[in-house]
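Numbering (my numbering), first residue to last: 709 to 1033. All C-beta atoms in this analysis are idealised placements derived from N, C-alpha and C, irrespective of residue type, glycine included.
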Amino acid sequence: MFISEPTLDDLMHKVLTELINRPCNLISSRSSKLGPTSEMLGVMLHLQNPRYRLSRDEAKGTVFSALGELLWYLSKKNELEFITYYIKAYENESDDMKTVYGGYGPRIFNFRGKLNQIENVINLLTKKATSRKAVIQLFDAEDLAETHKEIPCTCTLQFFIREDRLHMFTSMRSNDAYRGLPHDIFAFTMIQEIMARSLNIEIGEYHHAVGSLHLYEKDKNKAEEYINAGFQPTTFPMPEMPVGQPWEAIQILLDIEYDLRNGRPIDIPLQERLTPYWADFARLLQAYSIFKKNKLKEDNINQLNAIKKSLSADVYKTYITKRKK
């Protein structure tokens, strides 16, 4: 099946509508907790504008967890403590309650303990823009040699430069349509834009191929609520990433994330450390650190209002408003 849409929400509506209407009778390794699944095999999703990577829906507006997962990848690490701060369910995917075996960070930046695949792809496409070899491997044959709680769902990330734009093709062996798909599209299209800026070209289109795209019975009611909520406004893409190398800003953002996650204050004003584009991500992380305190007091609400006011991109403001409710 091929589905092409301009925004993430458009894709999600088409995918979930199809899966809701299919029989939910396939038993998988996670069925003991999540129930059987409905499934589509051999699906190709096409996101025409990768900057429409955020859902505008109340239920699926997962910008905080999606950003946390992206930064976990970019940290080059697979530490459990990092990702469970944003997504507690990762506790179920750790073999030793310290790391996540299938974590993407080390596989992208230090594959088999020696290969920085991001760097290799950038070097390859810098030398030969028309190359068809620009592939990042996440799934490894060794993943099947031993038993682990979880192994990568993503097999490869491939990049093509055509007409001075960077197009991306993701191949996944398995994808949870309700829980995983929105996060995966966010993270991978962000990596696509990071790579495009690293190569000094514009971002192209995004393609997402899945062997098994499925919906668990436990999530069927929530998926139906999402569908019944109707289409959300699609006039707010994320802003363009600033022109120039993004890696220094990414490292500053990772340092800020570490401090916030460990309860440390940010002393230097964000605008002195980051451009407005990257500072907005830091402000979202600040907001999330306040939400993590659970009970919002008046001082917290005032802080959130100040953070919301300081955001340079309006697209993010709705997510702070939703979480305050």
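For secondary structure counted as the beta strand (DSSP E) over 3 or more consecutive residues, the segment 850-902 holds these complete runs in sequence order: 862-870, 873-884. Here GLU858 really is in contact with TYR809; their C-beta atoms are around 7 Å apart, less than 8 Å.
For the set ALA853, ASN1013, PRO860, ALA957, the Cα lying nearest the Cα of TYR996 is the one of ASN1013.
Taken through DSSP and simplified to helix, strand or coil, GLN959 comes out as helix. C-alpha of LEU762 to C-alpha of LEU727: approximately 21 Å in a straight line.
Residue state for GLY971 is assigned as coil, using DSSP reduced to three classes. Of the residues ILE816, LEU719, LEU753, the one whose Cα lies closest to the Cα of VAL918 is LEU753. The secondary-structure analysis by DSSP pairs VAL843 across a beta bridge with GLN866. Bridge partners of SER746 according to DSSP: LEU923. When secondary structure is reduced to three states using DSSP, VAL808 falls in the coil class, being assigned neither helix nor strand.
As the crow flies, the alpha-carbon of ASN970 is around 43 Å from that of LYS836. Counting of Cβ neighbours within 10 angstroms places PHE710 among the exposed residues, the total staying below 16. Distance between TYR886 and GLU933, taken at the CA atoms: about 12 Å.
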